[in-house]
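Protein chains in written order, with my numbering: chain A, 1 to 170; chain B, 171 to 652.
Below: one structure, written as structure tokens.
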Amino acid sequence: MSERRTLVLGWGNPGRRDDGLGPALAAAVESMAVPGVTAESGYQLQVEDAAEVARYERVLFVDAERGGDAPFRLRRLEPSRSGVGFSTHSVSPGRLLALARDLFGAEPEAWLLGVRGYDFDSFGEGLSERAAANLAAAAGFVRDAVRAERLGAAPPTPPSHSHPAKNSRG
Amino acid sequence: MVTSATKRIVIEPVTRVEGHGKVTILLDEQNRVQQARLHVVEFRGFERFIQGRPFWEVPVLVQRLCGICPVSHHLCAAKAVDGILGIDRLTPTGEKMRRLMHYGQMFQSHALHFFHLASPDLLFGFDAPVEQRNVIGVIAHHPDLALQGVMMRKFGQEIVKATAGKKVHGTGAIPGGINKNLSVAERDVLLADMDRMLEWSRKAVAIAREYTLRNLEKVASFGSFDSNHLSIVRADGAMDLYHGKLRAIDARGAKILDQVDPLDYLEVIAEEVRSWSYMKFPYLKSLGAAEGWFRVGPLARVNVCDFIDTPEAEAARREFLGLSGGRPSNVTLAYHWARMIELLHSAEVIRRLLHDPDLQGDDLVAPAGERRGEFVAMIEAPRGTLTHHYRVDENDQVTMANLIVSTTCNNEAMNRAVRRIADEHLSGRPVITEGLLNNIEVGIRAYDPCLSCATHALGQMPLEVTLLGPDSAVLDRQTRAG
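Structural data, given as structure tokens:
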């Protein structure tokens, strides 16, 4: 049963430049100290995150996105029964929701925020300039949305850098 | 060699990204398998990234290699840094806190692999439809097992958090020791779940054991072959996943080398470079590249050690080896059973450590000794032997780093497993069947390879299977969601 309100769960590798957008946004949300909002971050989503997700009324998953709209793209998530892969390296947010539902009887309202990144192929800390700008825009949107408890409100449609996303793992 | 008379089958991701493997199978004119290769796209730039950094930063830096086994890299680098500082012995609290962190990591990693990836194969059979043969299928038919897998993984992660400070990017291991002890409150939270974790570990051993015994003929032949095996062991020959010296045995159990100090690894191990692979191929120098390749990980460790120093895991080991007449098992799918024996061993070690008052000690860091300019450390990571080798200059900057990860050690073995499976399922039938894809996945999964998963941004692609004819025309293509 959910006992808290909103979880912002960002994931990615801060040591791989823009792949760190998810944890960076979680850190930004944490610094906002919005009542009822908890921020967590990790390298990748893993099965035990289902137990955490199950404790909230709504969850905002945040990841860097290789393609797609800038500065960010928000979409609704539903539990997913995607197939099994051949390594243990990550779980999709959709499958996490399925685990939360099937194992813990929880069905939080869930959203996926993909923040557009550009530099994923080099080692190093810190975001690229364009990714940092996208982060600021995404953090502003999340701040307003979680305070108003209106995560599902349509985000502003960005005018530039827009092209269709190649794929979503959600 | 690829000739115009061969056909090429490729199993690959659409994009060149890390965290994915690619399988290429070459057929001759009679549609017989001529060659099978697993390509792992590995980013080798990390060793250069470390160069120039102060050596004391390395235990935190190297965790960025992988989100699945960061603790293994963290601890292996910490052991190397200890050596550079001339510290050959930690305080009891420092040593035991690090061991608790390591066995917690082993426990969560093995539990995740077994319940999330292996159990669908073992419970439903790996010829079952892929729609059923996944963790959702396990939830539907065995909800108690699925919940156990999640909670065991969570328990291991809580140990990591309590010892390393955080579940990822922990900072617990510092030069010469550890930066915190385990409070009584932290200990009691973990102890409250301990009996349940032990019980679930016993059940996991039983599932793997029963599957193996029930399907003995199929398991014995599936992607299997004789090989050498390598791991570190304690001075008395016991399994020790945190510290020890190198031992290698051949397929029948004869020792090839024993008690070789990690500092001397370059005298006994070399790495072959092949033009078609990003990963190197390690081998024992004394046998040469063709005969000296070896397996690492749970199967190798259970084969290599003389005994396990916890009673329930030792009893399980004896039964495991009894199946091969007391000699090493060379069965690829036996990795699952061996992995569960190590899961049980890890639970027993964790229980022993949690009852040790040294974990509440205050003497956390050992004093530095005579500074060294170079050191090599080894640890048994969940997937096998991990080596970190560093040189540092007088300004404390790293000038050279060489990391040999477990998956690299199993490179040749995984290629051979794919070849065996392709031989059985493809020859004479130049199409990529669902059965072929299933079986290749099952074979690779047994080794639980770490595919350099440093980035996982949205937009990466699932696996794609492509069959190409002699003229490179696409004959068949299938996609499997990742």
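Cβ coordinates follow ideal geometry from the N, Cα and C atoms, glycine included.
| Query | Result |
| --- | --- |
| Helix or strand or just coil, what does DSSP make of V37 (chain A)? | strand |
| May I have the straight-line CA-CA distance separating V251 (chain B) from G346 (chain B), to the nearest angstrom? | 8 Å |
| CA-CA distance, T333 (chain B) and D532 (chain B)? | 14 Å |
| Rounded to whole angstroms, what's the CA-CA distance from V320 (chain B) to S456 (chain B)? Just pull it up for me. | 44 Å |
| Roughly how far, in whole angstroms, is the beta-carbon of Q530 (chain B) from the beta-carbon of V354 (chain B), given that I think they are within contact range, below 8 Å? | 6 Å |
| Could you please give the first and the last residue of the uninterrupted alpha helix (DSSP H) stretch that includes Y381 (chain B)? | 354-384 |
| Is L317 (chain B) close to chain A, meaning its C-beta is less than 7 Å from at least one C-beta of that chain? | yes |
| By how many angstroms is the C-alpha of L99 (chain A) removed from the C-alpha of A362 (chain B)? | 24 Å |
| Do S447 (chain B) and H209 (chain B) have their beta-carbon atoms positioned less than 7 Å apart in this structure? | yes |
| May I ask you to list, following chain order, the residues of the region 46-71 of chain A that have a beta carbon less than 8 Å from some beta carbon of chain B? | Q46, V47, E48, A50, A51, D63, A64, E65, R66, G67, G68 |
| Check the Cβ of L282 (chain B) against every Cβ in chain A and list those closer than 9 Å, keeping chain order. | Q46, V47, E48, T88 |
| Does any residue of chain B bring its CB to less than 7 Å from the CB of N13 (chain A)? | yes |
| Distance, Cα to Cα, E550 (chain B) vs V53 (chain A)? | 32 Å |
| Note down, in chain order, every chain B residue with its Cβ under 8 Å from the Cβ of D119 (chain A). | Here the premise fails: no neighbours, minimum Cβ distance about 10 Å. |
| Taking 7 Å as the CB-CB cut-off, is F123 (chain A) touching chain B? | yes |
| What is the residue span of the beta strand (DSSP E) that E550 (chain B) lies within? | 544-551 |
| For chain B, is any of its Cβ atoms less than 7 Å away from the one on D181 (chain A)? | There is simply no residue 181 (chain A) to check, as chain A begins at 1 and stops at 170 in what is shown. |
| Starting from the beta carbon of F216 (chain B), find every residue of chain A whose beta carbon is closer than 7 Å, and list them in chain order. | F123 |
| For a contact defined as C-beta to C-beta under 9 Å, what are the partners of L99 (chain A) on chain B? | V305, I306, I309, A316, V320 |
| At a CB distance below 9 Å, what residues from the region 539-565 of chain B approach chain A? Give them in sequence order. | none |
| I419 (chain B) lies in the beta strand (DSSP E); which residues open and close that run? | 415-419 |
| Determine, using beta carbons only, whether L112 (chain A) and L135 (chain A) come nearer to each other than 7 Å. | no |
| Using the beta-carbon of each residue, which ones in chain A are nearer than 8 Å to R234 (chain B)? | N13, P14, G15, R16, F123 |
| Within the present structure, is the beta-carbon of K266 (chain B) separated from the nearest heavy atom of the ligand FMN by less than 6 Å? | For the ligand FMN, the structure offers nothing, since it holds no ligand at all. |
| Between A39 (chain A) and chain B, is any beta-carbon pair separated by less than 7 Å? | no |
| For the putative contact between M267 (chain B) and I348 (chain B), defined by C-beta atoms under 8 Å, what is the C-beta separation to the nearest angstrom? | 4 Å |
| What in chain A is Cβ-close to R323 (chain B), meaning under 9 Å? | Q46, V47, E48 |
| Pick from A:A26, A:E48, A:A138, A:V115: whose alpha carbon is nearest that of L103 (chain A)? | A:E48 |
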